[in-house]
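First the structure, in the form of structure tokens, and then the observations on it.
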């Protein structure tokens, strides 16, 4: 249990500050340092790259001591991706991925 | 007089249509947000935050990855400067996102820019740029209200599901693997953006970087993957442009 409430609430306020600083900094003061066109085009790749950066470590985890770990989540993700490419349906992607994971775990309990 | 009135009615209809369009386009992402909200709510209380502190954190910080990063630091009693620094690093991507959003909001007064900037979360940015990233005119009414229509459901969904997670933290079994549904939902946002060859190259480069940099602490690997992905996309774009140019050295 985390007891010192001044410590917890100071941390919460500081974290709120990081959200405000990072999210609003450029929107508030960006006119002082305008973006060149080339940089704007570059930023179109930012969301794609950042999402990939979040997803890849989740699906293909590895640790320096243990090495790469392949688990059922990768299989579920591959099947869900194939279904999405076929149907272009986002909800089907999420649902099929979960169903594959649960089914395979149910058939082959570890 | 009549013309002014009909103009106002038309403007209101345009706003409403853009708002609804934004809300509808973001809806698959709301699944991701809902799952992350519940996971974050559960994690905050299970690691020892009081229900009040967890609820205040969700309301004020409104950033799941920063909250989830801070929790283990809080548990070990890490110094406040380190928690602040970790929050900045995890939120660095929003600086890049903010720079991309700035042209759309630059004509507005600062309190509105403050509000719109703070309401920007990952899925809103991805959805918004996917829709208006290559729009020739930046900063029109449709774009503003599409953005608002995307952010409001996100904020409501995040707060609601965080509270649900905080309340139910004791009774969500880990065997449901809810966090994996969040990953699938992020994939549902990413895959439709893979429309061009530079985009595919950008994703491959970002993916390899993210995979290699996994042991790095505090999710710095995410920043590296973002930077490398952008660079690769730009490089591929310039290569294709060079090859398309008549009379260029490339055959």
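Residue numbers (the working numbering), protein chains in the order written: chain A, 1 to 110; chain B, 111 to 361. Just so you know, even glycine gets a beta-carbon here, dropped at the ideal spot from N, CA and C. Predicted model, so just to flag it, every value in this text is computed and none were measured.
Backbone CA spacing between residue i and residue j [nearest angstrom]
| i | j | result |
| --- | --- | --- |
| residue 238 of chain B | residue 186 of chain B | 38 Å |
| residue 79 of chain A | residue 102 of chain A | 13 Å |
| residue 71 of chain A | residue 99 of chain A | 15 Å |
| residue 142 of chain B | residue 294 of chain B | 8 Å |
| residue 161 of chain B | residue 277 of chain B | 8 Å |
| residue 190 of chain B | residue 11 of chain A | 6 Å |
| residue 302 of chain B | residue 116 of chain B | 38 Å |
| residue 61 of chain A | residue 67 of chain A | 9 Å |
| residue 182 of chain B | residue 197 of chain B | 12 Å |
| residue 346 of chain B | residue 338 of chain B | 12 Å |
| residue 307 of chain B | residue 39 of chain A | 19 Å |
| residue 359 of chain B | residue 343 of chain B | Note on residue 359 of chain B: pLDDT 49, under 50, position unreliable in the model; no value is reported. |
| residue 267 of chain B | residue 353 of chain B | 46 Å |
| residue 248 of chain B | residue 159 of chain B | 43 Å |
| residue 69 of chain A | residue 242 of chain B | 38 Å |
| residue 109 of chain A | residue 285 of chain B | 12 Å |
| residue 213 of chain B | residue 105 of chain A | 48 Å |
| residue 205 of chain B | residue 26 of chain A | 6 Å |
Beta-bridge partners of residue i, as assigned by DSSP
| i | result |
| --- | --- |
| residue 63 of chain A | A:67 |
Backbone secondary structure at residue i - three-state DSSP
| i | result |
| --- | --- |
| residue 32 of chain A | helix |
| residue 237 of chain B | helix |
| residue 18 of chain A | helix |
| residue 173 of chain B | coil |
| residue 45 of chain A | coil |
| residue 156 of chain B | helix |
| residue 131 of chain B | helix |
| residue 39 of chain A | helix |
| residue 280 of chain B | coil |
| residue 257 of chain B | helix |
| residue 245 of chain B | coil |
| residue 109 of chain A | coil |
| residue 189 of chain B | coil |
| residue 287 of chain B | coil |
| residue 352 of chain B | helix |
| residue 302 of chain B | helix |
Proximity of residue i and residue j at Cβ, strictly below 7 Å
| i | j | result |
| --- | --- | --- |
| residue 23 of chain A | residue 227 of chain B | yes |
| residue 207 of chain B | residue 225 of chain B | no |
| residue 49 of chain A | residue 312 of chain B | yes |
| residue 298 of chain B | residue 90 of chain A | yes |
| residue 325 of chain B | residue 57 of chain A | no |
| residue 156 of chain B | residue 348 of chain B | no |
| residue 43 of chain A | residue 210 of chain B | yes |
| residue 144 of chain B | residue 261 of chain B | no |
Supposed contact pair residue j and residue i - C-beta distance, whole angstroms, cut 8 Å
| i | j | result |
| --- | --- | --- |
| residue 336 of chain B | residue 30 of chain A | Not a contact, Cβ separation roughly 19 Å. |
| residue 15 of chain A | residue 193 of chain B | 7 Å |
Residue i: CB within 6 Å of a non-hydrogen atom of the ligand PLP
| i | result |
| --- | --- |
| residue 214 of chain B | As for the ligand PLP, it is missing from this structure, which has no ligand bound. |
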